[in-house]
Amino acid sequence: MLSHLKISNYAIIEELDVAFENGFVVLTGETGAGKSIILGALGLVLGERADLSVLNVKEQKAIIEAEFDIKNYGLKPFFEMHNLDFEPLTIVRREITPSGKSRAFVNDTPVKLNVVKELSSRLIDVHAQHQTLSIQQSDFQLDLVDRFAGIADPVREYEAVYDGWKQDLTRLNELQEQEKEARAQEDYFQFQFDELEKVDLSAEQHEQDESDLQLLENAEDIKRAFYESSAGLSEGDGNALERLREVKQLLGEIKEFGDKPAELFERLNSSLIELEDIAQELSSESENVDLDPERLEVIRERMDEVNRLMHKHNVQSVSELDELKSNLSDKLEKMGSLSDEIEDLTNKIQLEEDELIKRAQQLSKARNDALKPLGQKVEELLRKLGMEKAEFEIDCQIQENPGPKGIDELTFLFSANAGMPKREISKAASGGELSRLMLALKYILSQHKNLPTIIFDEIDTGVSGKIAGMLGKMLRDLAQNMQVFAITHLPQVAGQGNQHYRVFKYEEGGLTKSQLKLLSENDRVDEIASMLSGEERGEAAVQNARELLK
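Counting in our numbering, the sequence shown runs from 610 upward without gaps.
Quick look at the structure:
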């Protein structure tokens, strides 16, 4: 339950610090006194969006802090899932800074707004005036029936299967689009790959081709140079080697006459041996030079093809061409695997559809079993609210295709008077009837939802007198099992409260401010008397107020 609420620097509330008890809590006050402002501040704690307009003093931050007694509501797993400290008295806080930033805390731990929203949905239900229209919405209608039928958990399990099925359908569409695009490009990719596959794109082969091409293109010059060099050394009269042998002979005649002649002789002899070897190798290399125009043409064609491919694909090296070929190979392989993936996913989706339909049919049976007793319960509550002849029925139509919550489409049908045909609520209920019908449905929903707290914001709109008294008693009865707040203008409802707060405005320092006051028994008599007769309350109004408080 909501045990404590603190508001600071929010709208016309300067400071508010109030404790609440369990049971039925009523808030009254003249129009514009600040009841909706308090509800708005509480909405921030529950995860609603904020803006700078809520700041009372623009240079200071607004703080709204709510304390909830949650020890008996099985919320510990939620706290563990979000790595939060579980406290039986849990504090949720929102801060809005002058810069426009908003921060949220649970037990002083910073959290994202979605965590606050999820937690608040398990703590409190706020029924604002405009939400009476939600009675016509399919989500509300299904939630009511599902809670009454006791199938909230199976519905969540169905929703999980449905979400997985929808995700897989989306994925299947994506894969099919990819396959369609792939098929359109497959021939082109295959052509590019085959073109690259025909050429050896290894760096070693490319380097070898460059070297061989240089040799073959200059083979005649190389052969001639080898031959003429060899001939110059060893052929013809007076060739270089012959002249050097003559010099060697001369030095040989004097090598015994000192170290220097001997040294020069040895050096010349070594050089002569080396030159004779060079002459022989030059002759041999001249014979070995290959004048092979056919091989030259093959290498040229291969090099031209590599260069063409490099230019075509706008790359600078053979290694980049090789990488491109590898990428094309991966794409072609992936194209081949798309069909297998599509087939596997199609089979999975079929199994999911079978499971979905099976679960949807189980939910549908449980819902249909609950429709009659739920309708009877609503009619029973409406009779307590003065609608003796009201009839309520839920029509269920089975849809061909499963939706987010099953195959059932519900329509709430209503008739307020005997002999009148039941029609859709929007066409059959007046404002006051709609309020009473909504209260009956919320009464049932609250009993099956296990929420700690529910807040009704002027749910009594359009009712008065005896009916208002019945409505107040129903709210008090509902508060036997949960904490119930009612913001009301009706004295008959206010008189049923266990706690009664008055919201009022006052001026201080030229500024309008709002405050909340817990009323004593005497204060309650005065407040309810004023609600009955206005400011000019007489003894009759006071006596009526005392009667309402009995």
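Heads up, the beta-carbon is just placed ideally off N, CA and C, and yes, glycines get one too.
Over the uninterrupted beta strand (DSSP E) stretch that includes residue i, give me the two end residues.
i     : result
E674  : A671 to D678
D1066 : T1062 to D1066
Contact defined as beta carbons within less than 8 Å: I believe residue i pairs with residue j. What is the distance between those atoms, to the nearest angstrom?
i     : j     : result
E668  : I700  : The pair is not a contact, with the Cβ atoms about 26 Å apart (cut-off 8 Å).
M1140 : A1103 : 6 Å
L884  : L933  : Between L933 and L884 the Cβ distance is about 53 Å, and since that is not below 8 Å, they are no contact.
I672  : S617  : 4 Å
A999  : A1025 : 5 Å
S1039 : G1071 : 7 Å
I621  : I647  : Not confirmed; about 11 Å, so no contact.
I1068 : S1044 : 6 Å
G638  : R1111 : 5 Å
Q1092 : P1061 : 6 Å
Which residues mark the beginning and the end of the alpha helix (DSSP H) in which residue i is found?
i     : result
A565  : Given that the chain is displayed from residue 610 to residue 1159, the structure contains no residue 565 and the question cannot be resolved.
R1111 : Segment Q1108 to E1117 is the beta strand (DSSP E) holding R1111; no alpha helix (DSSP H) there.
K1036 : I1034 to A1037
S1073 : From DSSP, S1073 is part of no alpha helix (DSSP H); its letter is neither H nor E.
K1051 : G1040 to K1058
R1146 : Per DSSP, R1146 belongs to no alpha helix (DSSP H) and is neither H nor E.
V1102 : P1100 to A1103
F687  : K685 to M690
Can you tell me whether DSSP reads residue i as helix, strand or coil?
i     : result
H736  : strand
L709  : It is worth fixing the name first, because residue 709 is Gly in this sequence and not Leu. Coil at G709, not helix or strand.
L718  : Note that residue 718 is Thr in the sequence shown here, rather than Leu. Strand, per DSSP.
R909  : helix
D939  : helix
L753  : helix
D626  : strand
R731  : coil
L1128 : coil
N618  : strand
E998  : It should be noted that the sequence gives Lys, not Glu, for residue 998. In the structure shown, K998 sits in coil (DSSP, three-state: anything other than H, G, I, E or B).
G984  : helix
K1014 : coil
E657  : coil
H922  : coil
Q785  : helix
G773  : helix
F695  : coil
E875  : helix
L991  : helix
Y767  : helix
L933  : helix
K807  : coil
E639  : coil
L1158 : coil
M1140 : helix
Y797  : helix
I958  : helix
K1031 : coil
Q817  : helix
Q591  : This structure cannot speak to residue 591, because the chain is shown only from 610 to 1159.
I760  : coil
Identify the residues that DSSP records as bridge partners of residue i: which are they?
i     : result
L1019 : C1005
L1084 : Answer is none; L1084 lacks a bridge partner.
V701  : A675 and V715
F1094 : V634 and I1064
T779  : For T779, which the question treats as bridged, DSSP gives no partner whatsoever.
L611  : F677
L664  : Y619
L1120 : E1117
S1024 : E1000
Would you check whether the ligand SAM has a heavy atom nearer than 7 Å to the C-beta of residue i?
i    : result
K974 : The model depicted lacks the ligand SAM and carries no ligand whatsoever.
Worksheet entry | Every unbroken alpha helix (DSSP H) inside the segment 829-865 [4 residues or more] | 849-863
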